[in-house]
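Student:
Numbering (my numbering), first residue to last: 114 to 566.
Now the structure itself:
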(Lines of atoms letter the chains of each structure in order from A and count residues from 1; the text may use other names and numbers.)
(Lines give C-alpha, C1' and ligand atoms only; values in the text may rest on other atoms or scores of the structure.)
Protein backbone atom coordinates (compact mmCIF):
# COMPACT_ATOMS: atom_id res chain seq x y z
CA UNK A 1 0.00 0.00 0.00
CA UNK A 2 1.38 3.43 -0.93
CA UNK A 3 1.80 6.27 1.54
CA UNK A 4 -1.20 8.07 0.08
CA UNK A 5 -3.34 4.94 0.24
CA UNK A 6 -2.30 4.40 3.86
CA UNK A 7 -3.20 7.98 4.75
CA UNK A 8 -6.63 7.65 3.15
CA UNK A 9 -7.24 4.30 4.79
CA UNK A 10 -6.30 5.59 8.25
CA UNK A 11 -7.62 9.16 8.09
CA UNK A 12 -10.41 9.21 5.53
CA UNK A 13 -11.76 12.45 4.14
CA UNK A 14 -9.35 14.75 5.98
CA UNK A 15 -6.73 13.75 3.40
CA UNK A 16 -6.92 16.32 0.61
CA UNK A 17 -5.27 15.88 -2.80
CA UNK A 18 -7.19 18.51 -4.75
CA UNK A 19 -5.04 20.50 -7.18
CA UNK A 20 -5.99 23.85 -5.62
CA UNK A 21 -5.05 22.73 -2.12
CA UNK A 22 -1.76 21.16 -3.16
CA UNK A 23 -0.80 24.20 -5.20
CA UNK A 24 -1.50 26.54 -2.28
CA UNK A 25 0.70 24.43 0.01
CA UNK A 26 3.74 25.10 -2.19
CA UNK A 27 4.03 28.71 -1.03
CA UNK A 28 3.66 31.08 1.86
CA UNK A 29 3.68 34.91 1.79
CA UNK A 30 7.42 35.14 1.26
CA UNK A 31 6.98 34.97 -2.51
CA UNK A 32 9.00 31.76 -2.62
CA UNK A 33 7.44 28.60 -4.06
CA UNK A 34 8.67 25.00 -3.91
CA UNK A 35 9.56 23.23 -7.14
CA UNK A 36 6.63 20.77 -7.08
CA UNK A 37 3.37 20.00 -5.33
CA UNK A 38 3.30 17.90 -2.15
CA UNK A 39 1.75 14.45 -1.91
CA UNK A 40 -1.29 15.41 0.17
CA UNK A 41 -2.60 17.83 2.77
CA UNK A 42 -3.96 16.32 5.99
CA UNK A 43 -6.48 18.67 7.62
CA UNK A 44 -6.03 17.56 11.22
CA UNK A 45 -8.98 18.13 13.54
CA UNK A 46 -7.67 16.43 16.67
CA UNK A 47 -4.43 15.50 18.39
CA UNK A 48 -5.12 11.89 17.41
CA UNK A 49 -5.21 12.91 13.72
CA UNK A 50 -1.76 14.44 14.13
CA UNK A 51 -0.37 11.42 15.96
CA UNK A 52 -1.66 8.96 13.37
CA UNK A 53 -0.25 11.07 10.55
CA UNK A 54 3.16 11.19 12.18
CA UNK A 55 3.17 7.44 12.83
CA UNK A 56 2.49 6.80 9.14
CA UNK A 57 5.16 9.30 8.12
CA UNK A 58 7.69 7.78 10.50
CA UNK A 59 6.97 4.22 9.39
CA UNK A 60 7.34 5.16 5.73
CA UNK A 61 10.08 7.78 6.23
CA UNK A 62 7.95 10.39 4.48
CA UNK A 63 8.75 14.05 5.05
CA UNK A 64 6.12 16.18 6.80
CA UNK A 65 5.68 19.94 6.62
CA UNK A 66 3.50 21.44 9.34
CA UNK A 67 1.36 24.33 8.16
CA UNK A 68 -1.03 26.78 9.79
CA UNK A 69 -2.40 29.78 7.91
CA UNK A 70 0.55 29.91 5.49
CA UNK A 71 1.25 33.56 6.28
CA UNK A 72 4.97 33.09 7.02
CA UNK A 73 7.63 35.13 5.28
CA UNK A 74 10.61 32.75 5.25
CA UNK A 75 9.32 29.74 3.30
CA UNK A 76 9.24 27.51 6.39
CA UNK A 77 5.78 26.10 5.62
CA UNK A 78 6.36 25.52 1.89
CA UNK A 79 5.95 21.86 0.92
CA UNK A 80 7.40 20.02 -2.06
CA UNK A 81 7.46 16.77 -3.98
CA UNK A 82 6.47 13.64 -2.03
CA UNK A 83 5.87 15.49 1.23
CA UNK A 84 2.85 15.33 3.53
CA UNK A 85 1.45 18.67 4.61
CA UNK A 86 0.04 18.47 8.12
CA UNK A 87 -2.35 21.39 8.50
CA UNK A 88 -3.42 22.40 12.01
CA UNK A 89 -5.61 25.29 10.78
CA UNK A 90 -8.83 23.47 11.75
CA UNK A 91 -7.60 22.90 15.31
CA UNK A 92 -8.73 26.39 16.31
CA UNK A 93 -10.43 26.21 19.71
CA UNK A 94 -9.91 28.30 22.81
CA UNK A 95 -9.95 25.33 25.17
CA UNK A 96 -9.72 27.00 28.58
CA UNK A 97 -9.43 30.48 30.10
CA UNK A 98 -8.30 31.08 33.67
CA UNK A 99 -8.37 34.83 34.38
CA UNK A 100 -7.47 34.13 38.02
CA UNK A 101 -4.25 32.41 36.92
CA UNK A 102 -3.76 34.64 33.87
CA UNK A 103 -3.51 31.71 31.49
CA UNK A 104 -5.36 30.18 28.56
CA UNK A 105 -5.08 26.85 26.78
CA UNK A 106 -5.53 26.97 23.00
CA UNK A 107 -5.25 24.84 19.91
CA UNK A 108 -2.63 25.94 17.38
CA UNK A 109 -4.98 27.02 14.59
CA UNK A 110 -6.69 29.85 16.46
CA UNK A 111 -6.04 33.28 14.92
CA UNK A 112 -4.42 36.02 17.01
CA UNK A 113 -7.28 38.45 16.54
CA UNK A 114 -9.92 35.79 17.20
CA UNK A 115 -8.17 34.74 20.39
CA UNK A 116 -8.02 38.25 21.78
CA UNK A 117 -11.64 38.95 20.85
CA UNK A 118 -12.64 35.91 22.91
CA UNK A 119 -10.27 36.71 25.77
CA UNK A 120 -11.58 40.28 26.04
CA UNK A 121 -14.85 38.89 27.40
CA UNK A 122 -12.83 37.70 30.41
CA UNK A 123 -10.92 40.97 30.89
CA UNK A 124 -7.60 39.56 29.65
CA UNK A 125 -5.50 39.47 26.47
CA UNK A 126 -2.50 37.77 24.86
CA UNK A 127 0.20 40.33 24.13
CA UNK A 128 1.93 39.17 20.89
CA UNK A 129 0.59 41.44 18.16
CA UNK A 130 2.00 40.72 14.69
CA UNK A 131 0.88 43.02 11.88
CA UNK A 132 -0.79 39.92 10.40
CA UNK A 133 -2.86 39.30 13.55
CA UNK A 134 -6.11 38.98 11.59
CA UNK A 135 -4.76 36.07 9.54
CA UNK A 136 -1.89 34.50 11.52
CA UNK A 137 -2.28 31.59 13.92
CA UNK A 138 -0.95 31.13 17.43
CA UNK A 139 0.73 27.91 16.30
CA UNK A 140 2.52 29.80 13.55
CA UNK A 141 3.52 32.49 16.04
CA UNK A 142 5.07 29.81 18.24
CA UNK A 143 6.80 28.10 15.32
CA UNK A 144 8.51 31.31 14.21
CA UNK A 145 8.93 33.02 17.57
CA UNK A 146 6.84 35.93 16.29
CA UNK A 147 6.89 39.48 17.59
CA UNK A 148 4.82 42.41 16.39
CA UNK A 149 3.98 46.00 17.11
CA UNK A 150 3.56 45.72 20.89
CA UNK A 151 6.52 43.56 21.79
CA UNK A 152 8.89 46.37 22.84
CA UNK A 153 6.72 46.89 25.93
CA UNK A 154 4.83 43.63 26.31
CA UNK A 155 7.27 41.03 25.01
CA UNK A 156 7.40 38.53 22.17
CA UNK A 157 5.89 35.06 21.89
CA UNK A 158 8.73 33.52 23.90
CA UNK A 159 7.68 35.73 26.84
CA UNK A 160 4.02 34.74 26.58
CA UNK A 161 4.00 30.93 26.40
CA UNK A 162 4.07 28.78 29.54
CA UNK A 163 3.96 25.40 27.83
CA UNK A 164 3.28 23.49 24.63
CA UNK A 165 1.83 20.10 23.75
CA UNK A 166 4.14 18.58 21.17
CA UNK A 167 3.73 15.52 18.95
CA UNK A 168 7.12 14.08 18.05
CA UNK A 169 8.06 12.65 14.67
CA UNK A 170 7.23 9.12 15.85
CA UNK A 171 3.78 10.13 17.11
CA UNK A 172 4.49 10.40 20.83
CA UNK A 173 2.76 13.26 22.68
CA UNK A 174 4.74 15.40 25.13
CA UNK A 175 3.37 18.02 27.53
CA UNK A 176 6.15 20.58 27.93
CA UNK A 177 6.26 23.49 30.36
CA UNK A 178 3.86 24.25 33.18
CA UNK A 179 0.82 26.24 34.32
CA UNK A 180 2.67 28.00 37.13
CA UNK A 181 4.36 31.40 37.14
CA UNK A 182 7.61 29.74 38.17
CA UNK A 183 8.97 26.39 36.99
CA UNK A 184 12.59 25.32 36.60
CA UNK A 185 12.41 21.53 36.51
CA UNK A 186 14.96 20.29 34.01
CA UNK A 187 15.81 21.92 30.71
CA UNK A 188 13.40 24.50 29.27
CA UNK A 189 12.15 22.51 26.30
CA UNK A 190 9.24 24.88 25.78
CA UNK A 191 11.65 27.72 24.97
CA UNK A 192 13.53 25.36 22.65
CA UNK A 193 10.39 24.57 20.67
CA UNK A 194 9.44 28.25 20.30
CA UNK A 195 11.04 29.46 17.08
CA UNK A 196 12.04 25.96 15.94
CA UNK A 197 9.98 26.29 12.73
CA UNK A 198 8.52 22.79 12.77
CA UNK A 199 11.86 20.98 13.04
CA UNK A 200 11.35 19.50 16.53
CA UNK A 201 7.71 18.42 16.51
CA UNK A 202 4.12 19.41 15.83
CA UNK A 203 2.64 21.92 18.27
CA UNK A 204 -0.91 20.71 18.98
CA UNK A 205 -1.69 22.90 21.98
CA UNK A 206 -0.29 25.78 23.99
CA UNK A 207 -0.67 27.18 27.49
CA UNK A 208 -0.43 30.95 27.13
CA UNK A 209 0.55 33.61 29.62
CA UNK A 210 -2.08 36.36 29.66
CA UNK A 211 -2.26 39.96 30.82
CA UNK A 212 -5.16 41.90 32.22
CA UNK A 213 -6.66 44.46 29.86
CA UNK A 214 -4.75 47.72 30.15
CA UNK A 215 -6.67 50.40 32.02
CA UNK A 216 -6.22 54.11 31.52
CA UNK A 217 -5.70 56.29 28.49
CA UNK A 218 -4.26 55.55 25.08
CA UNK A 219 -2.37 58.31 23.27
CA UNK A 220 -1.14 58.18 19.67
CA UNK A 221 1.65 60.34 18.28
CA UNK A 222 2.90 60.79 14.74
CA UNK A 223 6.14 62.58 13.98
CA UNK A 224 7.41 63.43 10.50
CA UNK A 225 11.13 63.79 9.82
CA UNK A 226 13.12 64.98 6.82
CA UNK A 227 15.19 61.77 6.80
CA UNK A 228 14.80 58.21 8.00
CA UNK A 229 18.12 58.46 9.85
CA UNK A 230 16.78 61.39 11.88
CA UNK A 231 13.62 59.42 12.66
CA UNK A 232 15.66 56.39 13.74
CA UNK A 233 17.88 58.53 15.95
CA UNK A 234 14.84 60.14 17.57
CA UNK A 235 13.30 56.73 18.29
CA UNK A 236 16.55 55.57 19.91
CA UNK A 237 16.49 58.70 22.07
CA UNK A 238 12.97 57.91 23.27
CA UNK A 239 14.24 54.58 24.56
CA UNK A 240 17.41 56.14 26.00
CA UNK A 241 15.48 58.64 28.16
CA UNK A 242 13.54 55.81 29.78
CA UNK A 243 10.11 56.09 28.16
CA UNK A 244 8.56 52.74 27.24
CA UNK A 245 5.88 53.24 24.56
CA UNK A 246 3.51 50.37 23.83
CA UNK A 247 4.17 50.87 20.10
CA UNK A 248 6.87 52.75 18.22
CA UNK A 249 6.86 52.14 14.46
CA UNK A 250 8.98 53.75 11.76
CA UNK A 251 8.21 54.07 8.05
CA UNK A 252 10.79 55.40 5.62
CA UNK A 253 9.78 57.80 2.86
CA UNK A 254 9.13 55.14 0.21
CA UNK A 255 7.02 52.98 2.52
CA UNK A 256 5.01 55.97 3.70
CA UNK A 257 4.37 57.18 0.15
CA UNK A 258 3.27 53.68 -0.94
CA UNK A 259 0.76 53.42 1.90
CA UNK A 260 -0.67 56.88 1.21
CA UNK A 261 -1.08 55.89 -2.43
CA UNK A 262 -2.80 52.59 -1.52
CA UNK A 263 -5.18 54.24 0.96
CA UNK A 264 -5.79 57.24 -1.31
CA UNK A 265 -4.42 59.69 1.25
CA UNK A 266 -2.73 63.00 0.37
CA UNK A 267 0.87 62.39 -0.67
CA UNK A 268 3.40 63.12 2.09
CA UNK A 269 6.15 65.65 1.55
CA UNK A 270 8.99 64.15 -0.51
CA UNK A 271 11.60 62.40 1.60
CA UNK A 272 9.43 62.33 4.72
CA UNK A 273 9.87 59.47 7.18
CA UNK A 274 7.33 58.94 9.94
CA UNK A 275 7.30 57.59 13.47
CA UNK A 276 4.02 56.37 14.94
CA UNK A 277 4.05 56.01 18.71
CA UNK A 278 1.41 54.80 21.15
CA UNK A 279 1.46 55.08 24.93
CA UNK A 280 -1.04 53.35 27.18
CA UNK A 281 -1.99 52.81 30.80
CA UNK A 282 -2.40 55.14 33.77
CA UNK A 283 0.71 57.17 32.79
CA UNK A 284 -0.11 57.36 29.08
CA UNK A 285 -0.55 61.15 28.94
CA UNK A 286 2.63 61.91 30.89
CA UNK A 287 4.64 59.48 28.77
CA UNK A 288 3.14 60.89 25.57
CA UNK A 289 4.14 64.41 26.61
CA UNK A 290 7.70 63.23 27.19
CA UNK A 291 7.77 61.46 23.80
CA UNK A 292 6.51 64.61 22.07
CA UNK A 293 9.28 66.62 23.73
CA UNK A 294 11.97 64.17 22.62
CA UNK A 295 10.70 63.90 19.04
CA UNK A 296 10.43 67.66 18.63
CA UNK A 297 13.96 68.06 19.98
CA UNK A 298 15.05 65.57 17.30
CA UNK A 299 13.54 67.66 14.52
CA UNK A 300 10.14 65.97 14.27
CA UNK A 301 6.90 67.65 13.27
CA UNK A 302 4.62 66.13 15.88
CA UNK A 303 0.88 65.56 16.22
CA UNK A 304 -0.70 63.85 19.26
CA UNK A 305 -4.22 62.55 19.92
CA UNK A 306 -5.92 60.78 22.80
CA UNK A 307 -8.89 59.80 20.62
CA UNK A 308 -8.78 56.01 20.35
CA UNK A 309 -10.49 55.85 16.98
CA UNK A 310 -8.04 58.35 15.51
CA UNK A 311 -5.17 56.44 17.08
CA UNK A 312 -6.33 53.21 15.45
CA UNK A 313 -6.59 55.02 12.11
CA UNK A 314 -2.98 56.13 12.42
CA UNK A 315 -1.87 52.60 13.27
CA UNK A 316 -3.89 51.36 10.32
CA UNK A 317 -1.50 53.30 8.08
CA UNK A 318 1.42 51.32 9.49
CA UNK A 319 -0.46 48.00 9.22
CA UNK A 320 -1.09 48.67 5.52
CA UNK A 321 2.61 48.70 4.63
CA UNK A 322 2.89 45.13 3.33
CA UNK A 323 -0.09 45.29 0.93
CA UNK A 324 1.08 48.72 -0.20
CA UNK A 325 4.53 47.42 -1.11
CA UNK A 326 3.12 44.30 -2.77
CA UNK A 327 1.21 46.61 -5.09
CA UNK A 328 4.57 47.85 -6.41
CA UNK A 329 5.82 44.46 -7.65
CA UNK A 330 7.15 41.15 -6.41
CA UNK A 331 8.48 41.55 -2.87
CA UNK A 332 11.06 39.91 -0.65
CA UNK A 333 10.14 41.14 2.84
CA UNK A 334 13.21 40.82 5.00
CA UNK A 335 13.67 40.85 8.74
CA UNK A 336 16.81 41.83 10.63
CA UNK A 337 17.27 43.21 14.12
CA UNK A 338 20.00 45.42 15.60
CA UNK A 339 20.52 47.11 18.97
CA UNK A 340 18.22 50.11 19.10
CA UNK A 341 21.16 52.50 19.28
CA UNK A 342 22.45 51.03 16.00
CA UNK A 343 19.27 51.71 13.99
CA UNK A 344 20.56 54.93 12.37
CA UNK A 345 23.69 53.08 11.27
CA UNK A 346 21.58 50.23 9.86
CA UNK A 347 19.56 52.68 7.78
CA UNK A 348 22.84 54.13 6.51
CA UNK A 349 23.86 50.60 5.47
CA UNK A 350 20.57 50.12 3.63
CA UNK A 351 21.16 53.38 1.73
CA UNK A 352 24.66 52.25 0.84
CA UNK A 353 23.37 48.91 -0.49
CA UNK A 354 20.64 50.66 -2.49
CA UNK A 355 23.24 52.83 -4.20
CA UNK A 356 25.70 49.98 -4.77
CA UNK A 357 23.10 47.71 -6.41
CA UNK A 358 20.85 50.29 -8.04
CA UNK A 359 17.88 49.16 -5.93
CA UNK A 360 15.05 50.73 -4.00
CA UNK A 361 14.60 49.03 -0.60
CA UNK A 362 11.59 50.47 1.26
CA UNK A 363 12.00 49.78 4.97
CA UNK A 364 9.73 49.81 7.98
CA UNK A 365 10.84 49.08 11.51
CA UNK A 366 9.56 48.16 14.93
CA UNK A 367 11.65 51.04 16.22
CA UNK A 368 10.92 50.23 19.84
CA UNK A 369 13.02 47.07 19.64
CA UNK A 370 15.35 47.59 16.67
CA UNK A 371 13.63 45.14 14.31
CA UNK A 372 13.75 46.31 10.67
CA UNK A 373 11.88 44.98 7.63
CA UNK A 374 13.75 46.03 4.47
CA UNK A 375 11.70 45.04 1.43
CA UNK A 376 13.25 44.24 -1.93
CA UNK A 377 10.93 44.94 -4.88
CA UNK A 378 11.52 43.45 -8.34
CA UNK A 379 9.66 42.39 -11.47
CA UNK A 380 10.65 38.71 -11.73
CA UNK A 381 8.51 35.91 -10.26
CA UNK A 382 11.49 34.39 -8.43
CA UNK A 383 14.09 36.28 -6.42
CA UNK A 384 16.93 37.14 -8.86
CA UNK A 385 20.55 36.64 -7.88
CA UNK A 386 21.29 40.38 -7.72
CA UNK A 387 18.64 40.71 -5.00
CA UNK A 388 20.15 37.84 -3.02
CA UNK A 389 23.59 39.47 -3.33
CA UNK A 390 22.21 42.73 -1.96
CA UNK A 391 20.32 40.87 0.78
CA UNK A 392 23.51 39.05 1.73
CA UNK A 393 25.27 42.36 2.30
CA UNK A 394 22.32 43.60 4.31
CA UNK A 395 22.32 40.51 6.57
CA UNK A 396 26.06 40.77 7.19
CA UNK A 397 25.73 44.48 7.95
CA UNK A 398 23.16 43.72 10.64
CA UNK A 399 25.42 41.11 12.20
CA UNK A 400 28.40 43.50 12.15
CA UNK A 401 26.30 46.02 14.06
CA UNK A 402 25.66 43.47 16.80
CA UNK A 403 22.36 42.27 15.35
CA UNK A 404 20.79 39.13 13.98
CA UNK A 405 19.47 37.62 10.75
CA UNK A 406 15.89 37.46 11.99
CA UNK A 407 13.92 39.23 14.68
CA UNK A 408 10.59 37.46 14.15
CA UNK A 409 10.08 35.87 10.73
CA UNK A 410 12.47 32.96 11.22
CA UNK A 411 15.03 31.35 8.93
CA UNK A 412 12.91 28.91 6.91
CA UNK A 413 14.43 28.05 3.55
CA UNK A 414 15.24 31.61 2.52
CA UNK A 415 17.95 32.46 5.06
CA UNK A 416 19.44 29.08 5.86
CA UNK A 417 22.59 29.72 3.84
CA UNK A 418 23.59 32.55 6.22
CA UNK A 419 22.71 30.91 9.54
CA UNK A 420 26.09 29.31 10.18
CA UNK A 421 27.80 32.67 9.73
CA UNK A 422 25.85 34.12 12.64
CA UNK A 423 25.92 31.06 14.90
CA UNK A 424 29.45 29.87 14.24
CA UNK A 425 30.32 26.30 13.29
CA UNK A 426 30.21 24.79 16.80
CA UNK A 427 26.78 26.17 17.66
CA UNK A 428 25.42 25.35 14.20
CA UNK A 429 26.51 21.71 14.61
CA UNK A 430 25.13 21.53 18.16
CA UNK A 431 21.73 22.76 16.99
CA UNK A 432 21.71 20.16 14.22
CA UNK A 433 22.40 17.48 16.83
CA UNK A 434 19.49 18.68 18.96
CA UNK A 435 17.17 18.39 15.94
CA UNK A 436 18.25 14.76 15.49
CA UNK A 437 17.45 13.97 19.14
CA UNK A 438 13.84 15.05 18.59
CA UNK A 439 13.60 13.67 15.04
CA UNK A 440 16.24 10.97 14.35
CA UNK A 441 14.94 10.32 10.83
CA UNK A 442 14.82 14.06 10.06
CA UNK A 443 11.42 13.83 8.44
CA UNK A 444 10.04 17.03 9.99
CA UNK A 445 10.42 20.03 7.69
CA UNK A 446 13.66 18.84 6.10
CA UNK A 447 15.75 21.46 4.32
CA UNK A 448 14.40 24.30 6.48
CA UNK A 449 16.50 26.40 8.85
CA UNK A 450 19.67 24.30 8.47
CA UNK A 451 21.01 24.21 4.92
CA UNK A 452 22.66 20.89 4.09
CA UNK A 453 25.80 22.67 2.85
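Where a beta carbon is used, it is the ideal one built from N, C-alpha and C, also for glycine. From a predicted model like this one, the values you see are computed outputs, not experimental measurements.
Quick check on the DSSP output: the alpha helix (DSSP H) that includes residue 410 runs from which residue to which?
Tutor: Position 297 of the chain shown holds residue 410. 397–410 is the span of the alpha helix (DSSP H), which, as asked, contains residue 410.
Student: Could you give the uninterrupted runs of the beta strand (DSSP E) lying entirely in the stretch 271–343, keeping only those of 3 residues or more?
Tutor: 274–280, 286–290, 315–322 and 330–338
Student: Assuming residue 348 and residue 363 form a contact by the criterion Cβ under 8 Å, report the distance between their Cβ atoms to the nearest whole angstrom.
Tutor: In the chain shown, counting from the first residue as 1, residue 348 sits at position 235. In the chain shown, counting from the first residue as 1, residue 363 sits at position 250. Indeed, because the Cβ distance is near 6 Å, the residues count as touching under 8 Å.
Student: Between which two residues does the alpha helix (DSSP H) harbouring residue 232 extend?
Tutor: Counting from 1 along the chain shown, the entry for residue 232 is found at position 119. Taken as a continuous stretch (DSSP letters only), the alpha helix (DSSP H) holding residue 232 covers 225–233.
Student: Hey, is residue 131 close to the ligand FMN, as in C-beta under 8 Å from one of its heavy atoms?
Tutor: Of the ligands one can find in the structure shown there are none, so the ligand FMN has no counterpart to examine.
Student: Can you grab the Cα-Cα spacing for the pair residue 165 / residue 334, in whole Å?
Tutor: In the chain shown, counting from the first residue as 1, residue 165 sits at position 52. In the chain shown, counting from the first residue as 1, residue 334 sits at position 221. Going by the C-alpha atoms only, they are around 52 Å apart.
Student: Residue range of the alpha helix (DSSP H) that residue 536 falls in?
Tutor: Along the chain shown, one-based indexing puts residue 536 at 423. Residues 529–536.
Student: I'd like to know whether the C-beta atoms of residue 331 and residue 397 end up nearer to each other than 9 Å.
Tutor: Walking along the chain shown from the start, residue 331 turns up at place 218. Walking along the chain shown from the start, residue 397 turns up at place 284. In this structure, residue 397 lies closer than 9 Å to residue 331 by Cβ.
Student: Would residue 263 and residue 240 be called neighbours here (beta carbons separated by less than 9 Å)?
Tutor: Along the chain shown, read from residue 1 onward, the residue named residue 263 stands at position 150. Along the chain shown, read from residue 1 onward, the residue named residue 240 stands at position 127. Yes. Within cutoff.
Student: Check whether the stretch 489–497 touches the stretch 426–434, taking contact to mean three or more Cβ pairs, one atom from each stretch, closer than 8 Å.
Tutor: no
Student: DSSP three-state label for residue 352, please.
Tutor: As a working mapping, residue 352 is identified with position 239 in the chain shown. If DSSP states are grouped into helix, strand and coil, residue 352 belongs with the helices.
Student: Provide the residue span of the beta strand (DSSP E) that contains residue 362, from first to last.
Tutor: Counting from one through the chain shown, the residue named residue 362 turns up at place 249. Start and end: 360–364.
Student: Give a yes or no on contact between the stretch 474–488 and the stretch 527–544, applying the rule of three or more CB pairs nearer than 8 Å.
Tutor: no
Student: To test your reading of the DSSP string, which unbroken beta strand (DSSP E) runs of 3 or more residues are found completely within the stretch 431–469?
Tutor: You should have 443–446.
Student: Is residue 553 closer than 9 Å to residue 187 when the C-beta atoms are compared?
Tutor: Within the chain shown, residue 187 is the residue found at index 74, counting from 1. Within the chain shown, residue 553 is the residue found at index 440, counting from 1. Going by C-beta atoms, residue 187 is not nearer than 9 Å to residue 553.
Student: When you compare the stretch 140–154 with the stretch 192–200, are there three or more beta-carbon pairs, one atom per stretch, that lie closer than 8 Å?
Tutor: Result yes; three or more Cβ-Cβ pairs closer than 8 Å.
Student: How many Å lie between residue 122 and residue 290 at the Cα?
Tutor: Position 9 of the chain shown, counted from the first residue, corresponds to residue 122. Position 177 of the chain shown, counted from the first residue, corresponds to residue 290. If I take the Cα positions, the gap works out to 35 Å.
Student: Tell me whether residue 479 sits in a helix, a strand or coil according to DSSP, three-state version.
Tutor: If you number the chain shown from 1, residue 479 lands on position 366. Under the three-state reduction of DSSP output, residue 479 falls in the strand class.
Student: Can you name, in chain order, every residue of its own chain whose Cβ lies under 7 Å from the Cβ of residue 147, other than the five neighbours on each side?
Tutor: Taking the chain shown and counting its residues from 1, the one referred to as residue 147 is at position 34. Contacts found: 139, 191, 192 and 193.
Student: Going by DSSP, what residues sit across from residue 269 in a beta bridge?
Tutor: Counting from one through the chain shown, the residue named residue 269 turns up at place 156. Per DSSP, none; premise fails for residue 269.
Student: Name the DSSP beta bridge partners of residue 238, please?
Tutor: Residue 238 sits at position 125 when you count from the first residue of the chain shown. Per the DSSP secondary-structure output, residue 238 pairs in a beta bridge with 324.
Student: Work out the CA separation of residue 176 and residue 468 for me, nearest whole Å.
Tutor: Translated into positions along the chain shown, residue 468 becomes position 355. Translated into positions along the chain shown, residue 176 becomes position 63. So the alpha carbons of these two residues sit roughly 42 Å apart.
Student: With a CB to CB cut of under 6 Å and the five nearest residues on each side skipped, what residues in its chain are close to residue 508?
Tutor: For the purposes of this step, residue 508 is taken as the residue at position 395 of the chain shown. Excluding sequence neighbours, residue 508 sits near 518 and 531.
Student: Within the continuous beta strand (DSSP E) that includes residue 491, where are the two ends?
Tutor: Position 378 of the chain shown, counting from 1, holds the residue named residue 491. Note, residue 491: beta strand (DSSP E), 484–491.
Student: Using beta-carbon positions only, say whether residue 453 and residue 389 come within less than 9 Å of one another.
Tutor: Translated into the one-based positions of the chain shown, residue 453 becomes position 340. Translated into the one-based positions of the chain shown, residue 389 becomes position 276. Taking 9 Å as the Cβ cut-off, residue 453 and residue 389 do not qualify as a contacting pair.
Student: Output needed for residue 304: all residues of its chain with C-beta closer than 8 Å, excluding positions within five of it in sequence on either side, in chain order.
Tutor: Working through the chain shown from its first residue, we reach residue 304 at position 191. These residues qualify, in order along the chain: 271.
Student: So the candidates are 323, 174 and 267; which of them puts its Cα closest to the Cα of residue 212?
Tutor: Taking the chain shown and counting its residues from 1, one reaches residue 212 at position 99. Selected option, being the one with the closest Cα: 323.
Student: Where does residue 474 sit, in a helix, a strand or coil, going by DSSP?
Tutor: For the purposes of this step, residue 474 is taken as the residue at position 361 of the chain shown. Looking at residue 474 - three-state DSSP - the assignment turns out to be coil, as it is neither helix nor strand.
Student: Quick check on residue 319: buried or exposed, where buried means 16 or more other Cβ atoms within 10 Å of its Cβ?
Tutor: The count along the chain shown starts at 1 and reaches residue 319 at position 206. Flag for residue 319 reads buried.
Student: Taking C-alpha atoms, which residue in 440, 274 and 242 lies nearest to residue 360?
Tutor: Counting from one through the chain shown, the residue named residue 360 turns up at place 247. Nearest option by C-alpha distance: 242.
Student: Can you tell which of 200, 540 and 310 has the C-alpha that lies nearest to the C-alpha of residue 524?
Tutor: As a position in the chain shown, residue 524 is number 411, starting the count at 1. The residue with the shortest Cα to Cα distance from residue 524 is 310.
Student: Take every Cβ of the stretch 207–222, pair it with every Cβ of the stretch 250–262, and state whether three or more of those distances are shorter than 8 Å.
Tutor: yes
Student: Under three-state DSSP, which class holds residue 524?
Tutor: Within the chain shown, numbered from 1, the residue matching residue 524 stands at position 411. Residue 524: coil per DSSP, three-state reduction.
Student: Return yes when the Cβ of residue 487 is within less than 9 Å of the Cβ of residue 345, no when it is not.
Tutor: Along the chain shown, read from residue 1 onward, the residue named residue 345 stands at position 232. Along the chain shown, read from residue 1 onward, the residue named residue 487 stands at position 374. Going by C-beta atoms, residue 345 is not nearer than 9 Å to residue 487.
Student: Quick one: what's got a C-beta closer than 6 Å to residue 288's C-beta in the same chain, skipping five residues either side?
Tutor: Position 175 of the chain shown, counted from the start, is the residue given in the question as residue 288. Counting only Cβ-Cβ distances below 6 Å, and skipping sequence neighbours, we find 278.
Student: In the structure shown, what three-state DSSP assignment does residue 134 receive?
Tutor: Mapped onto the chain shown, residue 134 falls at position 21. Of the three classes helix, strand and coil, the one that applies to residue 134 here is helix, per DSSP.
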